[in-house]
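Residue numbers (our numbering): 271 to 472.
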């Protein structure tokens, strides 16, 4: 006999899982954006004036990799926020998507402003673009694939041993991907030549 939870209980369980993932990821975004946590006090007026003059940088290879990292970092922000605000477990409504996008943008502004108090971090306008695009991509993914969460919960309940076995090759792929990090965006022959001549390509 197969027992299935009522839809309301399934939605509550899904929302609890998403809420935990959302909280952990937002905390990770804030922490990762402020390390090495070397705080230096600054007058509020000076911070506002400095924030109003942040530059748009011409991205080189290393800056480009950081730009992509910022984009990827905010994809789960948009994704989990949209799912958390969704009224059903299948697809977030338009209001949920818009609020999720707005939250991601506000989070980006707050985090980038806070970085002014941590001089080891840089605050270019490019970061806002990357974080906004990442949030928008996460919102789009939530709109297209929100129905996977209840399915994933069902699979984990009945087939957790098989899922655990599948994590072994997935972990190997993750290690391989990490060994290739950062994923530099090379856009010219000279950049490819420089990368090939360096010890950082593989």
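We treat Cβ as the ideally placed atom computed from N, Cα and C, and that holds for glycine.
Computed from a prediction, not measured in an experiment: that's the story for all the values here.
Taking residue 384 as part of the alpha helix (DSSP H), name the residues at either end of that continuous run. For residue 384, the uninterrupted alpha helix (DSSP H) segment begins and ends at 364-384.
Which same chain residues end up closer than 8 angstroms to residue 288 when comparing Cβ atoms and leaving out the 5 residues on each side of it in sequence?
Cβ within range, chain order: 350, 353, 354 and 419.
Notebook entry, point to check: Given 8 angstroms as the limit, is there contact between the segment 395-410 and the segment 316-326, that is, 3 or more CB pairs closer than that?
Noted result: With a cut-off of 8 angstroms, the segment 316-326 and the segment 395-410 count as touching, because enough Cβ pairs lie within range.
*asked:* Can you tell me whether residue 351 is helix, strand or coil according to DSSP?
replied: DSSP places residue 351 in the helix class (H, G or I) of the three-state scheme.
What is the C-beta distance between residue 406 and residue 371, in whole angstroms, given that I count them as a contact (C-beta under 8 angstroms)? The pair is a contact, with the Cβ atoms about 6 angstroms apart (cut-off 8 angstroms).
Exercise. Kindly list the residues whose CB is nearer than 7 angstroms to the CB of residue 362, restricted to its own chain and excluding five residues on each side of it in sequence; keep chain order.
Key: Counting only Cβ-Cβ distances below 7 angstroms, and skipping sequence neighbours, we find 352, 353, 355, 356, 412, 413 and 416.
**Message:** Considering only the alpha carbon of each residue, which of 374, 385 and 439 lies closest to residue 302?
**Reply:** It is 385.
Quiz item: Do the CB positions of residue 391 and residue 318 come within less than 9 angstroms of each other?
Solution: Contact flag unset, no.
* Asked: Which of helix, strand or coil does DSSP assign to residue 346?
  -> Three-state DSSP puts residue 346 in a helix.
Give me the Cα-Cα distance between residue 347 and residue 467, rounded to the nearest whole angstrom.
Between residue 347 and residue 467, the C-alpha separation is close to 37 angstroms.
Note down the Cα distance separating residue 369 from residue 460, rounded to an integer number of angstroms. Note on geometry: alpha-carbon atoms of residue 369 and residue 460 lie some 43 angstroms from one another.
In the DSSP assignment, the alpha helix (DSSP H) including residue 405 goes from what residue to what residue?
Following the DSSP letters along the chain, one finds residue 405 inside the alpha helix (DSSP H) bounded by residues 395-415.
#### Entry: Straight-line gap, residue 383 to residue 463 (C-alpha atoms, nearest Å)
Approximately 37 angstroms between the Cα atoms of the pair.
Does the Cβ of residue 343 have 16 or more other Cβ atoms within 10 Å, making it buried, or fewer, making it exposed? Residue environment analysis places residue 343 among the buried positions, since at least 16 neighbouring C-beta atoms fall within 10 angstroms of its C-beta.
For residue 307 versus residue 388, is the C-beta spacing smaller than 9 angstroms?
-> Yes, the pair counts as a contact, with Cβ atoms nearer than the cut-off.
My output table needs one value for residue 391: the three-state DSSP class, helix, strand or coil. Residue 391 falls in the coil class under three-state DSSP.
| message | Taking the alpha-carbon of residue 409 as reference, which of 309, 316 and 345 has the nearest alpha-carbon? | response | Selected option, being the one with the closest Cα: 345.
Inset, instruction - Would you verify that the beta carbon of residue 305 is, or is not, closer than 9 angstroms to some beta carbon of chain D? - result: The structure shown contains no chain D; it holds only a single protein chain.
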